[in-house]
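Protein sequence lines correspond, in order, to chains Z and P.
All residue numbers for the first sequence refer to this note's numbering, where the first residue is 165 and numbers rise by one.
All residue numbers for the second sequence refer to this note's numbering, where the first residue is 16 and numbers rise by one.
For each residue, glycine too, the CB sits at the ideal point set by N, CA and C.
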Amino acid sequence: MQYDVAAAPGRLIEARRRPEFTSWADRVAPAAFIMPAVLTILALSIFPLIVSVYLSLARIKFEKGGVTVTFIGLLNYKKLLFGSQQFHLIGTLMPITPLGWVFQAIVAGLLILWLVTAVRRGAGVLGLVGRLLVAVAAIALALLFTSAGAEGGQLGTIGVTLTYVVIGVCVQYGLGLALAMLCVQNLRGRGFFRVVFFLPMMITPVGVAYTFRMLTDTTKGPFSPIWQGLGLSDFAWAATAWGARVAVMIGDAWQWTPFMFIVLLAAIEGQPREQVEAAHVDGANHWQIFRFITWPAIMPVTITLILIRVIEAFKIVDLPNVLTNGGPGIASESMTLHAYSTWRALDIGGSAAIAYMLLFIVTFFCTAFVNLVRTRPPARAAGAQR
Amino acid sequence: MKQWKRLGLAVALSAACGALGMAGPAAAGKYDGVTVNVVTFTGPQIAEPLQRRAPDFQKLTGAKINVITVPFSDFYTKLLSDFATGTNSYDAAVFAPQWMVDFIEPGYLQDITAQVKSDAALKWDDIGPFFRDFSATYNGKVYTIPLDGDFQMVYYRSDLLKQANMAPPKTWDDYIAIAKAFQGKDLDGDGKPDYGSCIAKKRSAQSYWMVLSVAGGFLQSKGTGQGLFFDTDTMAPLVNNEAFKAALKVYVETTKYAPPDEINLDVGDTRALFTSGRCALTLDWGDIGTLAIDPTTSKVNDKVGAVVLPGSPKVLDRASGKLVDCTKDTCPYAIDGINHAPFAAFGGWSGAINAAKDQKIKDAAYDFLSYMSQPEQANVDVTIGKTGFNPYRVSQFENLDLWIKAGMSKAAAENYLGAIKDSLNSPNMVLDLRVPQNQRYEQVVLDTAVARLLAGELDIDKTAAEIETGWNEATEELGKDAQLKAYRAALGLK
């Protein structure tokens, strides 16, 4: 019922008689206006998502008159995890060396310690279950790396992608932070450097890949005199497994460090100036200021930044594709590239299965990250204040 | 009144536009207003002559030719999914004729038998019989127009071999010996060490034919009909045996006397290396011969020799899976006790037409492909290295003047054409695989396994086993009987 309080009393009667239709329309209006956008999003992203789940459970064949889709259940996943494509996704697993077992023991010990600490701190049942899952995943990963790292073993695309993400994002964050700390100071030309440091992010990934391909070519191209001067003329980055992976990580770091840099720069510049000045007055040195003022201040931004970058990093495809073609063999192939080359071989069901595996891994990783980081206790601050 | 003025203005404007539209180009072409979308691989080879001659064709007929390029590794998939889903974004395709099987069976390609027979300008009978049969005809009907003829050969630096008193390689052991002798020496006079052998070994490119070229001499000895890939009675893959493993061993060995990143080099890279004088040997299609005489890029003009693919003094005994010596019995076509098996790798780029399009577009596409293949155009294009087109017409082999005019010396032309002719006329020539989904056998299974072998991820025994498993898996899925029938038909066996 609409009441026009400010109007003359005569108007009150009109307000009560306002048709039901208008009030219904008012209630329904928000939904009705959003509906076209929602339907578009459903059609363009959710619907294909559901269809691709079905595709990952089917075999697609190109036949006379079109395409036949045959439901085969979990066969694609079985093939990837346990069957003829296991070497590609998971890797070639060899018996673990004694040293590997020592490493495994250390990892397991640390995880148990962490779980016990969580119990002591009074984590709820859900929190414990989540932590247990993370611990199991961490042990499985450690097993994967030690087993694939043994003599004759080979890391599959899951391991390679995780390498790109973990090492890559750490390096990018560290470099971005260092550059941001530099550019925050009142140095001459810092405005120029802020722009220049930001440029690599503007270049298309394929352009970056070709640039690094030229740079890492030791036999021809603009940098070959340097390589040959260093005595590396017989070395090919893309010819060894770790050489190829490092080349991809260098290219990735060059392109994405500016993203870290620009966000961290804004975060550092946004930290409370009074605290910093007070710390200076109190005689704190740079490291103490960073550790106790800057770092906590940029922590929320850091978490978001790392989360965003990690989600993107899992999808890396242009650099391995153009720089090394996933080579040598399959040593630098990321999961997305694996899905792409499987699609190219017309195994569309298998390609969808790989994409879903990536989705599961990314979701697990990010959920764990967000939950674990979120529980950094505000209790500690409260405790300190007591 | 204002309304009438506005209406009058509108009418006058539209009339003017209409008049302008009518007064179009003076000459009315046969295919005015028709656009033909031709798809091929990124190149620059193959796409270059199509793009270069498209404006000329448009001047003659009015049809606009739009050349679309796709990376080679995606080409088969793009083409098949475009046809199968009915998207039909391509009117014509210049592609690998061995893939023809997968496009003809479901009815995607236009039958052009009648048009070809009545096309006098095309000079169909001038096209080499092998290319007419293998690249263009299927089940007695013609579906493609050959634009290129493909044979792999070994090329060598004739000046360097002469200096070192070495003969061109006859066996793969000779090849390795020559490569070893020149590896690390300065071959182009710039003070930096160069390479003995340059072979394109990049994954997901065109490298898998190179390993088959090496394997030919070990595996096939009793003539083309014996086949290279499968047993002609059981469809068992011929890879998990001593002969194929010996070929893999040779292939890996050549990597030792090559550029350090050879496993990342594509044909464009190895051709550039060889023609700039940095390699003593290479294994490639006919392009090296014409690229060597390109004055803008070649430093080895008149220093290049070509020879039929090296062979082997030992061949596969199919019953036992072992290598046996060459005798009159086991190697009826051996030359000096060595079994050569020239490999018609790929067949030769050919053009086909999408059957689902309008008649006008199909006619325009046919005329363009015919124009490209006619001797007036083709005989010039095959002498230019960067076109990627190699000789396929009898007139191109016989007429030395063509080549001398393009810049080859008489000796070089005779040597180059001689090697191609020897390959073409060899009774033990190897036909490329032409069964349904041959792309899966070659570009997917073989290519991945060999890439992993070269990367050191697999050893030779495991590689051979993996190829065998992959090929058997494919044969099972597609139906063994159907595949065997298609394989035998392609080899000309009943």
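Measuring straight from C-alpha to C-alpha, what distance separates residue 219 (chain Z) and residue 296 (chain Z)? Start at 1 with the first residue of the first sequence, and residue 219 (chain Z) comes out as number 55. Start at 1 with the first residue of the first sequence, and residue 296 (chain Z) comes out as number 132. So the alpha carbons of these two residues sit roughly 32 Å apart.
Could you work out which residue in P:369, P:49, P:323 is closest to residue 81 (chain P) when comparing CA atoms only? Start at 1 with the first residue of the second sequence, and residue 81 (chain P) comes out as number 66. For the residues P:369, P:49, P:323, the minimum Cα distance to residue 81 (chain P) belongs to P:49.
At least three beta-carbon pairs within less than 8 Å, the region 241-250 of chain P to the region 275-286 of chain P: no
Through-space distance from residue 392 (chain P) to residue 38 (chain P), alpha-carbon basis: The sequence position of residue 38 (chain P) within the second sequence is 23, counting from 1. The sequence position of residue 392 (chain P) within the second sequence is 377, counting from 1. Low per-residue confidence applies at residue 38 (chain P): pLDDT is 43, beneath 50, and the placement is therefore not dependable, though the value from the model is reported in the following sentence. Spanning the two alpha carbons is a distance of roughly 33 Å.
Following the continuous beta strand (DSSP E) through residue 320 (chain P), name the residue where it begins and the one where it ends. On the second sequence, residue 320 (chain P) is found 305 positions in, with the first residue counted as 1. Run containing residue 320 (chain P): 319-322, per the beta strand (DSSP E) assignment.
Among the candidates P:303, P:323, P:21, P:322, whose CA atom is the shortest distance from the CA of residue 315 (chain P)? Against the second sequence, residue 315 (chain P) aligns to sequence position 300. The candidate whose alpha carbon is nearest that of residue 315 (chain P) is P:303.
Less than 8 Å separating the beta-carbons of residue 315 (chain Z) and residue 258 (chain Z)? Against the first sequence, residue 315 (chain Z) aligns to sequence position 151. Against the first sequence, residue 258 (chain Z) aligns to sequence position 94. The answer is yes: Cβ separation under 8 Å.
Judging by CA-CA distance, which residue of Z:278, Z:308, Z:332 is the nearest neighbour of residue 322 (chain Z)? As a first step, residue 322 (chain Z) is located in the first sequence; it is residue number 158 there, counting from the start. Taking only the C-alpha atoms, the option nearest residue 322 (chain Z) is Z:308.
Using a 10 Å radius around the Cβ and a threshold of 16 neighbouring Cβ atoms, would you call residue 98 (chain P) buried or exposed? Sequence index remark: in the second sequence, residue 98 (chain P) carries index 83 (1-based). Classification of residue 98 (chain P): buried, given that the 10 Å Cβ count is 16 or more.
Sheet register partners of residue 252 (chain P) (DSSP bridge): Sequence index remark: in the second sequence, residue 252 (chain P) carries index 237 (1-based). In DSSP, residue 252 (chain P) forms a bridge with P:245.
Please go through the same chain and pick out, in chain order, the residues whose beta-carbon is closer than 7 Å to the beta-carbon of residue 255 (chain P), but skip the five residues on each side of it. Within the second sequence, residue 255 (chain P) is the residue found at index 240, counting from 1. Once the five neighbours on either side are set aside, the close Cβ partners of residue 255 (chain P) are 479, 480, 483.
Just checking my contact of residue 210 (chain P) with residue 293 (chain P) at CB under 8 Å: how many whole Å lie between their CB atoms? Within the second sequence, residue 210 (chain P) is the residue found at index 195, counting from 1. Within the second sequence, residue 293 (chain P) is the residue found at index 278, counting from 1. About 6 Å; that satisfies the 8 Å criterion.
Beta carbon proximity, residue 217 (chain P) to chain Z, threshold 8 Å: Numbered from its first residue, the second sequence carries residue 217 (chain P) at position 202. With 8 Å as the cut-off, residue 217 (chain P) counts as an interface residue toward chain Z.
Along chain P, in chain order, which residues have C-beta atoms closer than 9 Å to that of residue 510 (chain Z)? Counted from its first residue, the first sequence places residue 510 (chain Z) at position 346. The answer, in chain order, is 91, 92, 95, 96, 452, 454, 455, 459.
Whole-angstrom Cβ separation of residue 264 (chain Z) and residue 310 (chain Z), contact assumed at under 8 Å? Within the first sequence, numbered from 1, the residue matching residue 264 (chain Z) stands at position 100. Within the first sequence, numbered from 1, the residue matching residue 310 (chain Z) stands at position 146. The Cβ separation is near 4 Å, so the contact holds.
Using only CA atoms, which one of P:361, P:429, P:64, P:430 lies nearest to residue 220 (chain P)? Taking the second sequence and counting its residues from 1, one reaches residue 220 (chain P) at position 205. Among P:361, P:429, P:64, P:430, the Cα nearest to that of residue 220 (chain P) is on P:361.
Per-residue DSSP class, three states only, for residue 100 (chain P): The residue given as residue 100 (chain P) occupies position 85 in the second sequence. Residue 100 (chain P): coil per DSSP, three-state reduction.
Going by Cα to Cα distance, which pick from P:497, P:18, P:226 is closest to residue 168 (chain P)? Residue 168 (chain P) sits at position 153 when you count from the first residue of the second sequence. Cα-wise, what sits closest to residue 168 (chain P) is P:226.
So, under 8 Å CB-CB, residue 191 (chain P) and residue 269 (chain P) are touching, yes? Tell me the CB distance rounded to an integer number of Å. The count along the second sequence starts at 1 and reaches residue 191 (chain P) at position 176. The count along the second sequence starts at 1 and reaches residue 269 (chain P) at position 254. The pair is a contact, with the Cβ atoms about 6 Å apart (cut-off 8 Å).
Looking at the C-beta of residue 278 (chain P), does it have a partner C-beta in chain Z at a distance below 8 Å? The count along the second sequence starts at 1 and reaches residue 278 (chain P) at position 263. Answer yes: the Cβ-Cβ gap between residue 278 (chain P) and chain Z drops below 8 Å somewhere.
Under 7 Å Cβ-Cβ, which residues of chain Z neighbour residue 59 (chain P)? In the second sequence, counting from the first residue as 1, residue 59 (chain P) sits at position 44. The premise fails here: residue 59 (chain P) is roughly 16 Å from chain Z at the closest Cβ pair, so nothing lies under 7 Å.
Along the chain, where does the beta strand (DSSP E) that runs through residue 313 (chain P) open and close? Residue 313 (chain P) sits at position 298 when you count from the first residue of the second sequence. It is not in any beta strand (DSSP E) - residue 313 (chain P) carries neither H nor E in the DSSP assignment.
Within a Cβ cutoff of 7 Å, which residues of the same chain sit near residue 506 (chain Z), ignoring the five residues on either side of it in sequence? Residue mapping note: residue 506 (chain Z) aligns to position 342 of the first sequence, counting from 1. Within the same chain, residue 506 (chain Z) has close Cβ partners 514, 515, 518.
Integer-rounded CB distance, given that residue 385 (chain P) should sit under 8 Å from residue 140 (chain P): The count along the second sequence starts at 1 and reaches residue 140 (chain P) at position 125. The count along the second sequence starts at 1 and reaches residue 385 (chain P) at position 370. With 8 Å as the limit, residue 140 (chain P) and residue 385 (chain P) do not qualify as a contact, their Cβ atoms being about 14 Å apart.
Compare the beta carbon distance of residue 235 (chain P) and residue 448 (chain P) with 8 Å and say whether it is the shorter of the two. One-based indexing of the second sequence puts residue 235 (chain P) at position 220. One-based indexing of the second sequence puts residue 448 (chain P) at position 433. No, these two residues do not count as a Cβ contact at 8 Å.
Pull the bridge partners of residue 318 (chain Z) from the DSSP assignment, please. Your numbering for residue 318 (chain Z) matches position 154 in the first sequence. In the DSSP output, where bridge partners are listed per residue, residue 318 (chain Z) has Z:256.
Would you mind working out which of P:502, P:441, P:401, P:498 sits nearest residue 513 (chain P), comparing C-alpha positions? This structure does not reach residue 513 (chain P), given that chain P is present from 16 up to 509, and the question cannot be answered.
So the candidates are Z:411, Z:509, Z:427, Z:425; which of them puts its Cα closest to the Cα of residue 486 (chain Z)? Stepping through the first sequence from its first residue, residue 486 (chain Z) is reached at position 322. Residue Z:411 is the option with its Cα nearest to residue 486 (chain Z).
Distance between residue 308 (chain P) and residue 156 (chain P) (C-alpha atoms, nearest Å): Here residue 156 (chain P) corresponds to residue number 141 of the second sequence, with the count starting at 1. Here residue 308 (chain P) corresponds to residue number 293 of the second sequence, with the count starting at 1. Rounded to whole angstroms, residue 156 (chain P) to residue 308 (chain P) spans 38 Å at the Cα level.
Let me see if you follow: with CB-CB separation under 8 Å, is residue 19 (chain P) close to chain Z or not? Looking up residue 19 (chain P) in the second sequence gives position 4. Chain Z, which has no Cβ nearer than 8 Å to the Cβ of residue 19 (chain P), makes this no.
Around the C-beta of residue 411 (chain P), are 16 or more other C-beta atoms found within 10 angstroms, so that it is buried, or is it exposed? Here residue 411 (chain P) corresponds to residue number 396 of the second sequence, with the count starting at 1. Result: buried.
The region 295-315 of chain P: positions lying closer than 7 Å to chain Z by Cβ: none
Kindly confirm or deny that the region 463-482 of chain Z and the region 423-431 of chain Z touch, where touching means at least three C-beta pairs closer than 8 Å. yes
For the region 244-259 of chain Z, which residues have a beta carbon sitting closer than 8 Å to at least one beta carbon of chain P? 248, 256
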